[in-house]
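Scroll down for the structure; my scribbles are underneath it.
In my numbering, the protein residues as written are 4 to 117.
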(Lines of atoms letter the chains of each structure in order from A and count residues from 1; the text may use other names and numbers.)
(Lines give C-alpha, C1' and ligand atoms only; values in the text may rest on other atoms or scores of the structure.)
Protein backbone atom coordinates (compact mmCIF):
# COMPACT_ATOMS: atom_id res chain seq x y z
CA UNK A 1 0.00 0.00 0.00
CA UNK A 2 1.23 3.40 -0.94
CA UNK A 3 -0.86 6.24 0.52
CA UNK A 4 -0.46 9.81 -0.66
CA UNK A 5 -1.95 13.09 0.48
CA UNK A 6 -4.64 15.05 -1.32
CA UNK A 7 -3.94 18.75 -0.78
CA UNK A 8 -6.42 21.61 -0.98
CA UNK A 9 -4.60 23.98 -3.39
CA UNK A 10 -6.21 27.09 -1.91
CA UNK A 11 -5.10 26.37 1.67
CA UNK A 12 -2.26 23.86 1.25
CA UNK A 13 -4.02 21.73 3.88
CA UNK A 14 -4.27 17.97 3.60
CA UNK A 15 -7.84 16.91 2.81
CA UNK A 16 -7.22 13.19 3.18
CA UNK A 17 -4.96 10.38 2.13
CA UNK A 18 -5.77 7.88 -0.60
CA UNK A 19 -4.09 4.71 -1.76
CA UNK A 20 -2.19 4.70 -5.00
CA UNK A 21 -3.72 2.33 -7.55
CA UNK A 22 -1.81 -0.77 -8.58
CA UNK A 23 -1.71 -2.92 -11.69
CA UNK A 24 -3.91 -5.36 -9.79
CA UNK A 25 -6.48 -2.60 -9.22
CA UNK A 26 -6.45 -1.82 -12.94
CA UNK A 27 -6.86 -5.50 -13.81
CA UNK A 28 -9.86 -5.72 -11.45
CA UNK A 29 -11.45 -2.64 -13.06
CA UNK A 30 -11.00 -4.08 -16.54
CA UNK A 31 -12.37 -7.45 -15.45
CA UNK A 32 -15.42 -5.79 -13.87
CA UNK A 33 -16.05 -3.73 -17.02
CA UNK A 34 -15.77 -6.81 -19.23
CA UNK A 35 -18.15 -8.70 -16.94
CA UNK A 36 -20.59 -5.78 -16.96
CA UNK A 37 -20.54 -5.65 -20.75
CA UNK A 38 -21.35 -9.36 -21.20
CA UNK A 39 -24.67 -9.93 -22.94
CA UNK A 40 -26.25 -11.61 -19.90
CA UNK A 41 -25.02 -9.09 -17.30
CA UNK A 42 -27.57 -7.20 -15.18
CA UNK A 43 -26.52 -3.88 -16.76
CA UNK A 44 -27.05 -5.09 -20.33
CA UNK A 45 -30.52 -6.35 -19.39
CA UNK A 46 -31.67 -2.87 -18.31
CA UNK A 47 -33.94 -1.36 -20.94
CA UNK A 48 -33.40 2.29 -21.96
CA UNK A 49 -36.21 3.52 -19.69
CA UNK A 50 -34.63 1.82 -16.66
CA UNK A 51 -31.23 3.27 -17.58
CA UNK A 52 -32.77 6.73 -17.88
CA UNK A 53 -34.39 6.34 -14.46
CA UNK A 54 -30.99 5.49 -12.93
CA UNK A 55 -29.36 8.45 -14.69
CA UNK A 56 -32.03 10.79 -13.28
CA UNK A 57 -31.51 9.38 -9.79
CA UNK A 58 -27.75 9.84 -10.14
CA UNK A 59 -28.30 13.42 -11.33
CA UNK A 60 -30.35 14.05 -8.18
CA UNK A 61 -27.55 12.70 -5.96
CA UNK A 62 -24.60 14.57 -7.49
CA UNK A 63 -25.55 18.09 -6.29
CA UNK A 64 -24.92 16.94 -2.71
CA UNK A 65 -21.20 16.84 -3.46
CA UNK A 66 -20.94 19.54 -6.12
CA UNK A 67 -19.12 21.88 -3.73
CA UNK A 68 -16.32 19.34 -3.53
CA UNK A 69 -16.13 18.32 -7.15
CA UNK A 70 -15.72 19.52 -10.67
CA UNK A 71 -18.36 17.06 -11.87
CA UNK A 72 -19.94 18.82 -14.80
CA UNK A 73 -17.64 17.36 -17.45
CA UNK A 74 -17.56 13.95 -15.77
CA UNK A 75 -21.36 13.84 -15.47
CA UNK A 76 -21.81 14.77 -19.13
CA UNK A 77 -19.47 12.03 -20.32
CA UNK A 78 -20.62 9.46 -17.78
CA UNK A 79 -24.34 9.97 -18.35
CA UNK A 80 -23.98 9.84 -22.11
CA UNK A 81 -22.08 6.55 -21.95
CA UNK A 82 -24.34 4.90 -19.38
CA UNK A 83 -27.64 5.85 -20.99
CA UNK A 84 -26.47 4.02 -24.12
CA UNK A 85 -25.80 0.85 -22.10
CA UNK A 86 -22.02 1.09 -22.07
CA UNK A 87 -19.77 0.27 -19.15
CA UNK A 88 -17.26 2.82 -17.89
CA UNK A 89 -13.77 2.59 -16.43
CA UNK A 90 -13.00 5.86 -14.70
CA UNK A 91 -9.29 6.66 -14.31
CA UNK A 92 -9.13 9.67 -12.01
CA UNK A 93 -6.34 12.20 -12.11
CA UNK A 94 -3.84 11.58 -9.35
CA UNK A 95 -4.37 15.10 -8.05
CA UNK A 96 -8.18 14.76 -7.83
CA UNK A 97 -9.14 11.15 -7.00
CA UNK A 98 -11.97 12.27 -4.74
CA UNK A 99 -14.08 13.13 -7.79
CA UNK A 100 -14.10 9.48 -8.80
CA UNK A 101 -14.66 8.33 -5.23
CA UNK A 102 -17.69 10.56 -4.67
CA UNK A 103 -19.14 9.78 -8.09
CA UNK A 104 -18.70 6.04 -7.55
CA UNK A 105 -20.45 6.36 -4.20
CA UNK A 106 -23.38 8.20 -5.84
CA UNK A 107 -23.53 5.62 -8.64
CA UNK A 108 -23.74 2.81 -6.08
CA UNK A 109 -26.39 4.67 -4.05
CA UNK A 110 -28.44 5.31 -7.20
CA UNK A 111 -28.74 1.55 -7.63
CA UNK A 112 -26.57 0.81 -10.65
CA UNK A 113 -25.57 -2.87 -10.84
CA UNK A 114 -21.96 -3.71 -9.94
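Just so you know, even glycine gets a beta-carbon here, dropped at the ideal spot from N, CA and C. All values derive from a computational prediction rather than experimental measurement.
### Message
Helix, strand or coil for residue 86? Go by DSSP, reduced to three states.
### Response
Taking the first residue of the chain shown as 1, we reach residue 86 at position 83. Helix.
### Query
Taking buried to mean at least 16 other C-beta atoms within 10 Å of its own C-beta, is residue 110 buried or exposed?
Position 107 of the chain shown holds residue 110. It is buried - the Cβ of residue 110 has at least 16 other Cβ atoms within 10 Å.
### Task
Please look up how many angstroms separate the CB atoms of residue 22 and residue 11, rounded, as I've assumed it's under 8 Å.
Position 19 of the chain shown, counted from the start, is the residue given in the question as residue 22. Position 8 of the chain shown, counted from the start, is the residue given in the question as residue 11. The Cβ separation is near 19 Å, so there is no contact.
### Task
Whole angstroms is fine: what's the gap from residue 54's alpha carbon to residue 41's?
As a first step, residue 54 is located in the chain shown; it is residue number 51 there, counting from the start. As a first step, residue 41 is located in the chain shown; it is residue number 38 there, counting from the start. Spanning the two alpha carbons is a distance of roughly 16 Å.
### Message
So if DSSP puts residue 8 in a beta bridge, which residue, or which two residues, is it bridged to?
### Response
Counted from its first residue, the chain shown places residue 8 at position 5. In the DSSP output, where bridge partners are listed per residue, residue 8 has 20.
### Query
Between residue 43 and residue 49, what straight-line distance do the alpha-carbon atoms span, to the nearest angstrom?
On the chain shown, position 40 is the one that residue 43 refers to. On the chain shown, position 46 is the one that residue 49 refers to. If you take the alpha carbons of residue 43 and residue 49, they lie about 10 Å apart.
### Message
If you measure between the beta carbons of residue 116 and residue 103, is that distance less than 8 Å?
### Response
As a position in the chain shown, residue 116 is number 113, starting the count at 1. As a position in the chain shown, residue 103 is number 100, starting the count at 1. Contact flag unset, no.
### Query
Do residue 92 and residue 33 have their CB atoms nearer than 8 Å?
Numbered from 1 along the chain shown, position 89 holds the residue referred to as residue 92. Numbered from 1 along the chain shown, position 30 holds the residue referred to as residue 33. Yes, these two residues count as a Cβ contact at 8 Å.
### Separation of residue 58 from residue 85, as counted between CA atoms
Indexing the chain shown from 1 puts residue 85 at position 82. Indexing the chain shown from 1 puts residue 58 at position 55. Looking at the two C-alpha atoms, the distance is approximately 8 Å.
### Task
Could you check the C-alpha separation between residue 82 and residue 106 for me, to the nearest Å?
To locate residue 82, count along the chain shown from 1; it is residue 79. To locate residue 106, count along the chain shown from 1; it is residue 103. Counting only the Cα atoms, residue 106 lies some 11 Å from residue 82.
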